[in-house]
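Structure first, then comments.
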Amino acid sequence: MSEVAILSRFNLSIDLQAQVLICCHDTCRIALLPSPAQVSEHLRKKHNIPAAERRLVTDLLKARTSPLQSPSEAPIRDGSAYDPNLRLLKFLPTFKC
Numbered sequence: 068m069s070e071v072a073i074l075s076r077f078n079l080s081i082d083l084q085a086q087v088l089i090c091c092h093d094t095c096r097i098a099l100l101p102s103p104a105q106v107s108e109h110l111r112k113k114h115n116i117p118a119a120e121r122r123l124v125t126d127l128l129k130a131r132t133s134p135l136q137s138p139s140e141a142p143i144r145d146g147s148a149y150d151p152n153l154r155l156l157k158f159l160p161t162f163k164c
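One rule links them: number in the working numbering = place in the sequence shown (from 1) + 67.
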């Protein structure tokens, strides 16, 4: 089974430009930390995916030749189009006194 097929099966995708893993479930739509254990834990807790199925994703992540980025370290694309796989969060600006 291809990488895209495995990830799609669990509603996951990889942003190819930023090299981050995205959970595309309607309840999430967030970038995940690339650790196989943390991805497995997310799938278990948030989506009730059984261990045998989660192993497909963790094995795939461990076998990748190009590692994925942590969302906090991924490059920000100025002027890029909105990514529909990610939830758009609006925050009020904070100021330091």
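Yeah, the Cβ is synthetic: ideal placement off N, Cα and C, and Gly gets one too.
Any idea what DSSP makes of Ser80, helix, strand or coil?
-> Note: Ser80 maps to strand in three-state DSSP.
With a cut-off of 8 Å on the beta carbons, I'd call Leu127 and Leu88 a contact; round off their distance for me.
-> That belief does not hold up - the Cβ atoms of Leu127 and Leu88 are roughly 10 Å apart, past 8 Å.
Which class does Ala130 belong to by DSSP, given the choice of helix, strand or coil?
-> Looking at Ala130 - three-state DSSP - the assignment turns out to be helix.
Through-space distance from Arg76 to His109, alpha-carbon basis | Roughly 15 Å separates the two Cα atoms.
Chain-order list of residues whose beta-carbon lies under 7 Å from that of Glu70 (same chain, five-residue window excluded) | Here the set comprises Leu127.
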